[in-house]
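Student: Residue numbers (our numbering): 367 to 632.
Don't be surprised by glycine CBs; every beta carbon is placed ideally from N, CA and C.
1. Spatial neighbours of residue 494 within its chain, please: CB distance less than 7 angstroms, with the 5 preceding and 5 following residues excluded, ordered by chain position.
2. In chain order, what are the residue ranges of uninterrupted alpha helix (DSSP H) at least 4 long that sit wholly in the stretch 408 to 451?
3. Under the assumption that residue 542 contacts residue 518 (Cβ atoms under 8 angstroms), give the Cβ distance between them as a whole number of angstroms.
4. At the level of alpha carbons, what is the spacing between residue 503 and residue 490?
5. Check for me: the alpha helix (DSSP H) holding residue 458 runs from which residue to which?
6. Using only the alpha-carbon positions, how far apart do residue 377 and residue 457 sit?
7. Given 8 angstroms as the limit, is there contact between the stretch 396 to 403 and the stretch 526 to 536, that is, 3 or more CB pairs closer than that?
8. Examine the ligand MG and report whether any of its heavy atoms sits within less than 7 angstroms of the Cβ of residue 411.
9. Please report the straight-line C-alpha distance between residue 430 and residue 537, rounded to a whole angstrom.
10. If contact is defined by three or more beta carbon pairs under 8 angstroms, each pair taking one atom from either stretch, is the stretch 549 to 558 in contact with the stretch 518 to 527?
11. DSSP three-state label for residue 563, please.
12. Does the stretch 416 to 427 come close enough to the stretch 557 to 568 that 3 or more CB-CB pairs lie under 8 angstroms?
13. Return helix, strand or coil for residue 465, following the three-state DSSP convention.
14. To the nearest angstrom, how far is it from the Cα of residue 600 to the Cα of residue 529?
15. What is the residue span of the alpha helix (DSSP H) that residue 546 lies within?
16. Inspect the CB distances between the stretch 466 to 485 and the stretch 405 to 418 and report whether three or more fall short of 8 angstroms.
17. Have a look at 463, 432 and 486 and flag the residue whose alpha-carbon is nearest the alpha-carbon of residue 392.
18. Which value, in whole angstroms, describes the spacing of the CA atoms of residue 387 and residue 464?
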């Protein structure tokens, strides 16, 4: 009951505003019309968690969330691009029970469309900063999160080739790959809402921790097989020899990665 109340009074209007503005951005005159349906497919699904986090944070520090819609859309565009590229890299065929973008459009299209979404995200942010006469720090936050997310993805691939990876390294990889966009959402929400520096720092730190917990929940669902309809294969992280904090915790409990992999795939 309370969840429905929160959705109707706080979230519903924000989701509708993000959806509407996203459609306007991807159908702008600067983008070829033939690309509009493909970009629509790439961006239409999702819970808008990161964009909502940005808008709610903006409101929480005293801002008007309507003034930050473009920033929320830019975060969503970066997130969608990262999902498209991540699904392609991992070879995942399903996401939330539906075919992933590269499965419906092909590998080459997935690479290009992901790049287009990244470009559109930065174009949107730069125009917003220029229109609102905002200093460089918000644009810098977007640049940092793109670099951090890409670095996290690269580390994830490197760890697949390694037998032993310590927990601190895996935590750092997880924070970069999954936590950065969530931390950036809260940081940019706070900055655009006019929060003082100490509050921006606190909210950004909270975002990093939310991102870490968020990814650990996903990893746990994947390893236990609860994510089969979302990822497309049972315990697919184990198939790909992926390391995460859940597998580290199990190894510390005396269950080796190889033993866990053999048990889940038997």
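Tutor: Straight from the coordinates:
1. Mapped onto the chain shown, residue 494 falls at position 128. For residue 494, same chain residues with a beta-carbon under 7 angstroms away, outside a window of 5 residues either side, are 436 and 437 in chain order.
2. 415 to 426
3. Here residue 542 corresponds to residue number 176 of the chain shown, with the count starting at 1. Here residue 518 corresponds to residue number 152 of the chain shown, with the count starting at 1. Contact holds; Cβ gap of about 3 angstroms.
4. Translated into positions along the chain shown, residue 503 becomes position 137. Translated into positions along the chain shown, residue 490 becomes position 124. The alpha-carbon of residue 503 is positioned some 15 angstroms away from that of residue 490.
5. The residue given as residue 458 occupies position 92 in the chain shown. For residue 458, there is no enclosing alpha helix (DSSP H), as DSSP marks it with neither H nor E.
6. Position 11 of the chain shown, counted from the start, is the residue given in the question as residue 377. Position 91 of the chain shown, counted from the start, is the residue given in the question as residue 457. Going from the Cα of residue 377 to the Cα of residue 457 covers about 33 angstroms.
7. no
8. Inclusion of the ligand MG in the displayed structure is not the case, the ligand content being empty and no account of it being possible.
9. Along the chain shown, read from residue 1 onward, the residue named residue 430 stands at position 64. Along the chain shown, read from residue 1 onward, the residue named residue 537 stands at position 171. Rounded to the nearest angstrom, the two C-alpha atoms are 35 angstroms apart.
10. no
11. On the chain shown, residue 563 is found 197 positions in, with the first residue counted as 1. Reduced to three states, the DSSP call for residue 563 is helix.
12. With a cut-off of 8 angstroms, the stretch 416 to 427 and the stretch 557 to 568 count as touching, because enough Cβ pairs lie within range.
13. In the chain shown, counting from the first residue as 1, residue 465 sits at position 99. Residue 465 falls in the strand class under three-state DSSP.
14. Reading the chain shown from its first residue, position 234 is the one you call residue 600. Reading the chain shown from its first residue, position 163 is the one you call residue 529. With a pLDDT of 41 at residue 600, under the threshold of 50, the predicted position of this residue should be treated as unreliable, and no value is reported.
15. On the chain shown, position 180 is the one that residue 546 refers to. Element bounds for residue 546: 546 to 558.
16. yes
17. Counting from one through the chain shown, the residue named residue 392 turns up at place 26. Of the listed residues, the one whose Cα sits closest to residue 392 is 486.
18. Mapped onto the chain shown, residue 387 falls at position 21. Mapped onto the chain shown, residue 464 falls at position 98. Residue 387 and residue 464 have their C-alpha atoms spaced approximately 24 angstroms apart.
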